[in-house]
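What follows is a single structure, written as structure tokens, with notes after it.
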Amino acid sequence: MSISPENARQAIPESDASESKALPKVQIRGVNFFYGSHQVLRNVSMDVPALKVTALIGPSGCGKTTLLRCLNRMHDLYPGNRYEGSIQVQPDGTDILRSDMDPIQVRMRFGMVFQKPNPFPKSIYENVAYGLRLQGMNRRRDLDERVEKALREAALWEEVKSRLHQMAHNLSGGQQQRLCIARAIATDPDVVLFDEPTSALDPIATSKIEELIVELKKRVTVMIVTHNLQQAGRISDMTAFMYLGELVEFGETNRMFTNPTKPQTEDYISGRFG
Amino acid sequence: MQPEQLQKHQEGRARRRRAIDRNFRRLGFFLTLSTLGILGILMLNLAMNGLARIDWQFMSSFPSRRAGEAGILSAWVGTLLLMLVTASAAIPFGVAAGIYLEEYAPKNRWTDFVEINIANLAGVPSILYGLMALGLFVYQFRFGQSLLSGGLALGCLVLPIVIVATRESLRTIPSGIREAAFALGATRWQAVWHHLLPYSTGGIATGVILAMSRAIGESAPLITIGALTFIAFLPPAPLISHAPFVSVDWLFSPFTALPIQMFNWVSRPGEEFQSNAAAAGLILMVITLSMNAAAILLRRRAQRNITW
Numbered sequence: 001m002s003i004s005p006e007n008a009r010q011a012i013p014e015s016d017a018s019e020s021k022a023l024p025k026v027q028i029r030g031v032n033f034f035y036g037s038h039q040v041l042r043n044v045s046m047d048v049p050a051l052k053v054t055a056l057i058g059p060s061g062c063g064k065t066t067l068l069r070c071l072n073r074m075h076d077l078y079p080g081n082r083y084e085g086s087i088q089v090q091p092d093g094t095d096i097l098r099s100d101m102d103p104i105q106v107r108m109r110f111g112m113v114f115q116k117p118n119p120f121p122k123s124i125y126e127n128v129a130y131g132l133r134l135q136g137m138n139r140r141r142d143l144d145e146r147v148e149k150a151l152r153e154a155a156l157w158e159e160v161k162s163r164l165h166q167m168a169h170n171l172s173g174g175q176q177q178r179l180c181i182a183r184a185i186a187t188d189p190d191v192v193l194f195d196e197p198t199s200a201l202d203p204i205a206t207s208k209i210e211e212l213i214v215e216l217k218k219r220v221t222v223m224i225v226t227h228n229l230q231q232a233g234r235i236s237d238m239t240a241f242m243y244l245g246e247l248v249e250f251g252e253t254n255r256m257f258t259n260p261t262k263p264q265t266e267d268y269i270s271g272r273f274g
Numbered sequence: 275m276q277p278e279q280l281q282k283h284q285e286g287r288a289r290r291r292r293a294i295d296r297n298f299r300r301l302g303f304f305l306t307l308s309t310l311g312i313l314g315i316l317m318l319n320l321a322m323n324g325l326a327r328i329d330w331q332f333m334s335s336f337p338s339r340r341a342g343e344a345g346i347l348s349a350w351v352g353t354l355l356l357m358l359v360t361a362s363a364a365i366p367f368g369v370a371a372g373i374y375l376e377e378y379a380p381k382n383r384w385t386d387f388v389e390i391n392i393a394n395l396a397g398v399p400s401i402l403y404g405l406m407a408l409g410l411f412v413y414q415f416r417f418g419q420s421l422l423s424g425g426l427a428l429g430c431l432v433l434p435i436v437i438v439a440t441r442e443s444l445r446t447i448p449s450g451i452r453e454a455a456f457a458l459g460a461t462r463w464q465a466v467w468h469h470l471l472p473y474s475t476g477g478i479a480t481g482v483i484l485a486m487s488r489a490i491g492e493s494a495p496l497i498t499i500g501a502l503t504f505i506a507f508l509p510p511a512p513l514i515s516h517a518p519f520v521s522v523d524w525l526f527s528p529f530t531a532l533p534i535q536m537f538n539w540v541s542r543p544g545e546e547f548q549s550n551a552a553a554a555g556l557i558l559m560v561i562t563l564s565m566n567a568a569a570i571l572l573r574r575r576a577q578r579n580i581t582w
């Protein structure tokens, strides 16, 4: 990875973050992302407000998932990937794209929930406890407490409290995804990243996850990639529309859906393409 | 052609095509049956010649010039200890190499080269492993014509099997599981140690058992490094009565093994030695088949417990 300070210092283009009065949690500045010689993200800058739900929308291949995965440095796991620009996390202002930044430290601050529920083939309890164990928590009493708290916050506790030590794979798809959310929030991350978390679920499970996400923003900043415009409209406070690796428009969800300023945004939201 | 003629023509063709299909089914069935039949006849032949010979005396006696008094004690103890050395060598090396290649190694020309050569290693004739072991373990490292040299030679022979089994087993774990661990802040080693290895033990164990059942029947590498064919003593015991109470002297003991004992008896004149050979062969075959059965059961169980 190489970061060029020129890019990092660029002003915020093309976004009207000013209309959001909330404090920024994550400040993305001039981010370019390359997969080999192929540039996937082009000069993306945006301020993700704290304790809000920010949705990333756009047609397939527009780079929204790529951007999301920059935030917990998932791209570092695969060879040939390169970042430019900066992503600062407030209040401490740490730049998580700096090359001397340990991706493992970054991932402990940014929880992630994936497209397909991916619980470990272990017990429900051990799934939630795993992140805590990685952070060195070993005392049974502490773990019990945090596991219960996380499962309650993921609205799963009542369904699983009597079978915490059964295999997670016996749960339904929607329950598995809520378990993955519990696993991601158990360690108290600053931000939780959702990568199309409901695309593998039925409508009822989907609406439970959506309620949960809205509930979560009381204590954690949420970013969600979604293909489903209605979903973005229902649950997000801010919406970012991306197209061909660029951030086309970013603003409050209500305004974005009723009165977009860019013609591309309007075309996409009204269903003319994508 | 008239429509009726055309229809007749097509019916004739269809009949012919069905006949070819039917004939292949019969041929395939017959050929499958004959392969199994040969195995069955072999087992039956061994059992008829050797079954009567298998008793406690046969299992607990050393080889002897008199066929009726001879037994396979030194041979089965030798085989058991060889397998112990082979497994202790092949499992750590093979599993570690498999994990490295699958989870750590960058995908480039160099690792492609390594990969192709591991596949090639599996096809090297076993006697060449014997020659390599003779030069390296027996003479260079001065391990002598011992259980250690023999076990290590067999270990090298089955190493590719263990590596391939480990890799395939790791490859069946979906990448979502790795990403889930990494996203929580796990290092690669933690992902391997907490997740990938535990979830693939069934597959790895299956591969190890298959590797052992391959090694147990090998004789060429053992003969090359100089396994003896007539041994009337057991290796020194691994536990001793004085400190430090464990001894590795047995590793440096001369040895024989079941296939070699069998080979020795087969090459002798006399009906009775032949039935000794058949009895030893039967025991070897039963061991191999039960190991393979265990591998199949283990694979089934592993598949049942973990579904992705």
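Same order as they appear, the protein sequences are chains B and R.
Reading the first sequence from the start, the letters are residues 1 to 274 in this note's numbering.
Reading the second sequence from the start, the letters are residues 275 to 582 in this note's numbering.
Ideal Cβ positions, reconstructed from N, Cα and C, are used throughout, including at glycine.
Please read all numbers here as calculations on a predicted model, not as lab measurements.
- The beta carbons of residue 63/B and residue 77/B sit about 18 angstroms from each other, so the pair does not count as a contact at 8 angstroms.
- When the Cα atoms are used, residue 563/R and residue 451/R turn out to be separated by approximately 35 angstroms.
- By the Cβ rule, the stretch 539-559 of chain R does not count as touching the stretch 465-481 of chain R, because fewer than three pairs are nearer than 8 angstroms.
- For residue 448/R, a Cβ of chain B is located within less than 9 angstroms of the residue's own Cβ.
- Non-local C-beta neighbours of residue 208/B in its own chain, meaning closer than 8 angstroms and more than five positions away in sequence, comprise 155, 174, 178, ordered along the chain.
- For residue 144/B, the enclosing alpha helix (DSSP H) starts and ends at 140-153.
- Judged by DSSP in its simplified three-state form, residue 246/B adopts strand.
- Closer than 9 angstroms at the C-beta level to chain B, one finds no residue of the stretch 519-548 of chain R.
- For residue 473/R, the chain B residues whose Cβ falls inside 7 angstroms of its Cβ are 121, in order along the chain.
- Chain order gives the chain B residues near residue 456/R as 74, 77, 107, where near means a beta carbon separation below 8 angstroms.
- Taking a cut-off of 8 angstroms on C-beta distances, the stretch 238-245 of chain B touches the stretch 56-73 of chain B, as three or more cross pairs fall below it.
- At a Cβ-Cβ threshold of 9 angstroms, residue 404/R and residue 495/R count as neighbours.
- About 14 angstroms separates the Cβ atoms of residue 426/R and residue 522/R, ruling out a contact at the 8 angstroms cut-off.
- For residue 344/R, the closest of 506/R, 570/R, 525/R by C-alpha to C-alpha distance is 506/R.
- By the rule that beta-carbons nearer than 9 angstroms mark a contact, residue 187/B touches chain R.
- Beta-bridge partners of residue 123/B (DSSP): 167/B.
- Here the alpha carbon of residue 142/B sits roughly 17 angstroms from the alpha carbon of residue 189/B.
- Annotation: residue 423/R to residue 525/R spans about 8 angstroms, alpha carbon to alpha carbon.
- Closest in alpha carbon position to residue 497/R, among 437/R, 327/R, 286/R, 401/R, is 401/R.
- Check the Cα spacing between residue 485/R and each of 364/R, 286/R, 277/R, 332/R: the tightest is with 364/R.
- A straight line joining the alpha-carbon of residue 43/B with that of residue 89/B spans about 18 angstroms.
- With respect to the 9 angstroms criterion, residue 479/R and residue 437/R are not classified as neighbours on the basis of their beta carbons.
- For the stretch 207-240 of chain B, the set of residues with a beta-carbon nearer than 9 angstroms to any beta-carbon of chain R is empty.
- Per the C-alpha coordinates, the member of 474/R, 541/R, 536/R positioned closest to residue 578/R is 474/R.
- Scanning the stretch 396-427 of chain R from its first residue to its last, no whole beta strand (DSSP E) run of 3-plus residues comes out.
- Separation of the CB atoms of residue 46/B and residue 28/B is rounded to 5 angstroms, and the pair is thereby assigned contact status at 8 angstroms.
- One Cα belongs to residue 502/R, the other to residue 385/R, and the distance between them is close to 40 angstroms.
- Within the same chain, and ignoring the five residues on either side of residue 165/B in sequence, the residues whose Cβ sits closer than 8 angstroms to its Cβ are 123, 124, 125.
- DSSP, reduced to helix, strand and coil, places residue 25/B within a strand of the structure shown.
- When DSSP states are grouped into helix, strand and coil, residue 90/B belongs to the coil group.
- Excluding sequence positions up to five before and after residue 335/R, its CB lies within less than 7 angstroms of the CB of 343, 344, 345, 347, all in the same chain and listed in chain order.
- With contacts defined as CB atoms closer than 9 angstroms, residue 194/B and residue 233/B fail to qualify as a contacting pair.
- In the structure shown, residue 30/B falls within a strand segment according to DSSP collapsed to helix, strand and coil.
- Around the CB of residue 571/R, fewer than 16 other CB atoms lie within 10 Å, so the residue is classed as exposed.
- Residue pairing by DSSP places residue 194/B opposite 113/B, 224/B in a beta bridge.
- From the listed residues 81/B, 272/B, 87/B, the smallest Cα separation to residue 71/B is found for 87/B.
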